[in-house]
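Residue numbers (the working numbering), protein chains in the order written: chain A, 151 to 448; chain B, 59 to 451; chain C, 115 to 763.
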């Protein structure tokens, strides 16, 4: 495949996912209602595509998007072309069915190796159906590339050999220098994705199967998956903040519980007239007894 | 592994098609279901079928995994201070190890972190592996994954837990891919089934459903664990663990990322509704200058800060910290109420706190009725004493 | 800035999209005359739509002539209703809100007149009514079913966006559903299935009349809180059975059959915020249609958390919107400190209706007067205005005068604003009342009113200032009756007790003057401190003048704590350490030894400044009095009069 000779070749991995905000649980069978839920480009991946297009606008080069999925994922790739990507590939094959993140990362890294060397690989931080955030690092490891996750800004140095990125961590961020080529997974704060408004004009989504990308059949699909889903069940509802009253109680008691707000007297020790030393000692004792370690930052 | 529909039992009710999260069930002309290519054998249809017409055949491949033993916990530290999620995982790890009849090992990576060895012993570890190098002082993907993968291949753990932090979610999948094993992200529940497999339960589809996952054929079984869910053990100072320490040789050229700067954001308002520990101040704090006492106590406890409506009205603190009236309810493990009398709406806002400690000058303050520990006195004297007690420990 | 992404996300109810999750649920206003809406009602709804509410449900409308009701209930018994229904809908649509209407039949809740007998499923006596209803015949029931369908078609023809079947607040549908009120032995009673039949038939008939797309909702109580009535388990089943024909549910609580049940339906201040969210939450888990939760949901932060946590799809914030119709807009713009929060005193809204008057709000004089007072025109000539007294009356007067563009200075002799309200808020369960001061203070923040604290204004000061107008809001002091021995040291006022200025003896005799909050509050305060309390009132019973939402719960709390009450009783005399009461009917005396007499009679106007000013030579200022210094009453009057005085200048 021809690569551009100037600018940066950026490859973006995307996924088509169900819009999980529209999903509901069937209250009778307690299972997920998948019917009628629209499919969208994984929101984090939109940010990755946007980041790639902006790099091309600044430095020149090419943006390629790839996805591993069923045939209908082509629609998601088309949307990325409409955001400005130059080329799109769908890796779709029956042998890929049932892949976990390990198998998926392997397949995508084979596809990337086949498509051609690129300077930078971008992924969304995580896909909203699985929320694992595992595929980006998996691809990096398969291709033996450095990785930075949770990236909220990218600055490619002029020599195309390095990038300076911001990595979001708890309570702040790190400024990290990383050699290129590399894999970055991006957060939503990196940019605001443009709507898919560009005309595609002759650019097609090209299909690749497992034979095209030279996959080891033992490492893809169900066979290549190390984890299996054994059970799925609805989550326990979030009862936080709500004073639920047992309906089998007599009415008078239900009323009392309602108007008292469900507060219960705790009958704890009340220290009065103690010295500061005694207070401090009791404080430490109680915390220890309750297993509330003060040790450790959150 | 295969899935099979017994058409003699099928009533064409269609429930299987409706519940499939992967859209893998198609309807034939006669109304019967056909399982398609996108099936992942998750079992949703098997569970939902009212006539048990769908059967999934799960034959486990025969692999000898018995040489993999023990539960490992990746102990995350920053600047020599252990992250709380690691203590939580040690607590959970001990429970799992006991169930397996095996041991718990803490894996500590960093520079000048040997003091953490005895500490993890107090929190349940039987063994501590300490990997040190000046190139491991700060977390880098290459540095840490190289260090840990070597240890896995030589010591062969059965289970390896990482906190689902920015570090854990960067490191664990890298390690799992290198070792060639399965990994489950952001687990909220862990258990051991009767075959000694680690059952990893986590939310999926945006939290709309829970999935239980096994890693039956490869080792170690790797999982990242959601912070704030598991329970740390009470530290036992008499408990010692066996410590093995290595000075790791790291070729700096193998570490392809470099941290140029670390920026801490000035107390980003941590979402109070998710906070694990809260120190809250009421109008009894006295004045805006005294609020420093609340801040000190919060820092010493690693807690988020809250305020009552009256404090916000007085302009001492912004509205985002308000608890109680305006219906913000919190459910921390520990709530320390300083100078709060306990108006009913505030009490209801903190009703689900696991433990409440109240400090107030007025012995008749209503808050003492809902406190697990009450301290009557002047908080200007008491709070510094409490801070000191924590710092001395 | 705090944002409320869940609260402002649009939602579909049937074919209709509502712009946000905030609902003003149906409530009677008494802006209805001879069963027809007045302009006042239209303006009231227009203001709520303009303020940003998503769904406004027009107040209940009677569907059948057998519903015996006063002139305050809208009636849609024939198609002459269509034009005025449309006019109400238009007022709501003008500003982009969704307009629906609640269809009702009161059944046993109807009025008892010489002309008609109310009909109900069964002849069961209820606490809230005096006479027995008669049992409805099957033909009548079916006629009423047709009435619902007919009224629904009127609503549709009037271009309203949907209808809600009123199965709550103890009305006829609820009476059929409830095993307490439905003891029938025909197909409409007996089993749960039979009791469901009436509302099923109504729903069927309405659906057939309006078609598949027109939204139909149902209000039912999640729990009747009535012994022998519907519990959450029952209503979950009802919701599941009816959901295929419905587009949404509105879950409240309570009933009309018992005092407490009636009170919980519009829960007062003493009930915690959002107490019935758990009911909507449980029902939402069992159905596939949207669920509205309602009841003490006061502010956008609380509402947002309810929706974000998945307890309900929409929130009814009816009283909150009565108090501040602009709450949604303010929330959307992040100006939440500017929201005037409802304190659930129930005095201005349902309280006035109980007295046969049109609805209002103690904190918002404009409610019900939207046409006249929403926009206050600045005066031709800005004037200088002195407001003396920083209680609710003075604070409101100062604000109102500033709306007219006047130069206003507000003087208060204490070092904080609020008047008597902070004292009243010291009583148990009254802390929220203090928010009235908070809201008034916030209101003043947006103005140029100059506030001078710690200044005791004398008549000389007024003369020196010589303002155009001086508004006196100097309030009142506790009333002390002229009774032998009243000067004894064991006589204290309720203020003394609440502010902890004095210690009371173990036995306290609280003397009540108006059978209302004042005495009940201080009695509860003393009971909480562990005192033995006797509450003596001249009225026929303690707390008789409390509004109907407060009364049963207040009495419940007082009796729980061991209150001893003496009705039709007054003070005879006080001796050192002793209090002597006398029954005003029988004349029997009771002596309480070692007792403190706590006066909670009412106020005595603090009007010496007024008298001085009126007598003052050379003072040309206009003098106005508002609130207690005119005649001691309540904060409601003070604020209302303060507003009117302020804009009259």
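Note that CB positions come from ideal geometry on N, CA and C, so glycine has one too.
Since residue i and residue j should fall inside the 8 Å C-beta cutoff, what is the C-beta to C-beta distance between them, to a whole number of angstroms?
i, j, result
"residue 639 of chain C", "residue 541 of chain C", "5 Å"
"residue 413 of chain B", "residue 440 of chain A", "5 Å"
"residue 224 of chain A", "residue 240 of chain A", "5 Å"
"residue 405 of chain A", "residue 294 of chain C", "About 15 Å; that fails the 8 Å criterion."
"residue 219 of chain C", "residue 278 of chain C", "That belief does not hold up - the Cβ atoms of residue 219 of chain C and residue 278 of chain C are roughly 13 Å apart, past 8 Å."
"residue 381 of chain A", "residue 75 of chain B", "Not confirmed; about 19 Å, so no contact."
"residue 512 of chain C", "residue 567 of chain C", "Between residue 567 of chain C and residue 512 of chain C the Cβ distance is about 13 Å, and since that is not below 8 Å, they are no contact."
Three-state secondary structure (DSSP) at residue i?
i, result
"residue 130 of chain B", "strand"
"residue 151 of chain C", "strand"
"residue 491 of chain C", "coil"
"residue 264 of chain C", "helix"
"residue 742 of chain C", "helix"
"residue 62 of chain B", "strand"
"residue 362 of chain C", "strand"
"residue 363 of chain B", "strand"
"residue 658 of chain C", "coil"
"residue 736 of chain C", "strand"
"residue 765 of chain C", "The structure shown does not extend to residue 765 of chain C, since chain C is modelled only from 115 through 763, so no value can be given for it."
"residue 426 of chain B", "helix"
Could you check which residue in the options has the C-alpha nearest to that of residue i?
i, options, result
"residue 139 of chain B", "B:234, B:206, B:169", "B:169"
"residue 453 of chain C", "C:470, C:552, C:410, C:367", "C:552"
"residue 282 of chain C", "C:378, C:272, C:308", "C:378"
"residue 337 of chain A", "A:302, A:309, A:355", "A:302"
"residue 665 of chain C", "C:243, C:635, C:700", "C:635"
"residue 203 of chain B", "B:315, B:399, B:419, B:349", "B:315"
"residue 657 of chain C", "C:556, C:431, C:673, C:261", "C:673"
"residue 140 of chain C", "C:380, C:613, C:182", "C:380"
"residue 579 of chain C", "C:732, C:562, C:469", "C:732"
"residue 163 of chain A", "A:262, A:367, A:342", "A:262"
"residue 157 of chain B", "B:249, B:379, B:233, B:310", "B:249"
"residue 420 of chain C", "A:392, A:359, A:298, A:279", "A:392"
"residue 378 of chain A", "B:241, B:396, B:356, B:368", "B:241"
"residue 164 of chain C", "C:207, C:176, C:151", "C:207"
"residue 682 of chain C", "C:626, C:225, C:409, C:575", "C:626"
"residue 397 of chain B", "B:103, B:70, B:294, B:425", "B:425"
Please return the same chain residues whose Cβ sits closer than 6 Å to the Cβ of residue i, not counting the five positions on each side in sequence.
i, result
"residue 118 of chain B", "Residue placement at residue 118 of chain B cannot be trusted, given a pLDDT of 49 that sits under 50; what the coordinates show is reported in the next sentence. For residue 118 of chain B, where only same-chain residues beyond five positions count, the Cβ hits under 6 Å are 274."
"residue 154 of chain C", "145"
"residue 324 of chain C", "266, 270"
"residue 157 of chain C", "484, 485"
Which same chain residues, not among the five before or five after residue i, have their C-beta less than 7 Å away from its C-beta?
i, result
"residue 371 of chain A", "245, 246, 247, 248, 249, 253"
"residue 310 of chain A", "158, 269, 330"
"residue 238 of chain B", "276"
"residue 416 of chain C", "387, 388"
The stretch 341 to 348 of chain C in contact with the stretch 396 to 414 of chain A per 3-pair CB rule at 8 Å: Yes: the two stretches touch, three or more of their Cβ pairs being nearer than 8 Å.
Counting Cβ pairs, one atom from each stretch, are 3 or more of them under 8 Å apart for the stretch 128 to 142 of chain C and the stretch 197 to 213 of chain C? The stretch 128 to 142 of chain C vs the stretch 197 to 213 of chain C: in contact.
With three or more C-beta pairs closer than 8 Å as the rule, is the stretch 422 to 439 of chain B touching the stretch 392 to 400 of chain C? Segments in contact, no.
May I ask you to verify whether the stretch 215 to 230 of chain B touches the stretch 262 to 270 of chain B, counting CB pairs closer than 8 Å and requiring at least 3? By the Cβ test, the stretch 215 to 230 of chain B is not in contact with the stretch 262 to 270 of chain B, since fewer than three Cβ pairs between them sit closer than 8 Å.
Contact the stretch 402 to 418 of chain C vs the stretch 309 to 321 of chain C: 3+ CB pairs below 8 Å: Flag = no, the stretch 402 to 418 of chain C and the stretch 309 to 321 of chain C do not touch.
Are the stretch 343 to 350 of chain A and the stretch 192 to 201 of chain A touching, with three or more C-beta to C-beta distances below 8 Å? In short, these stretches touch, since the Cβ pair count reaches three.
Between the stretch 465 to 483 of chain C and the stretch 700 to 717 of chain C, do three or more beta carbon pairs fall short of 8 Å? Taking a contact to require three or more Cβ pairs closer than 8 Å, the stretch 465 to 483 of chain C and the stretch 700 to 717 of chain C do not qualify as touching.
Stretch pair the stretch 593 to 602 of chain C + the stretch 523 to 534 of chain C: three plus CB contacts closer than 8 Å: The stretch 593 to 602 of chain C, when compared against the stretch 523 to 534 of chain C, does not touch it at the 8 Å Cβ threshold.
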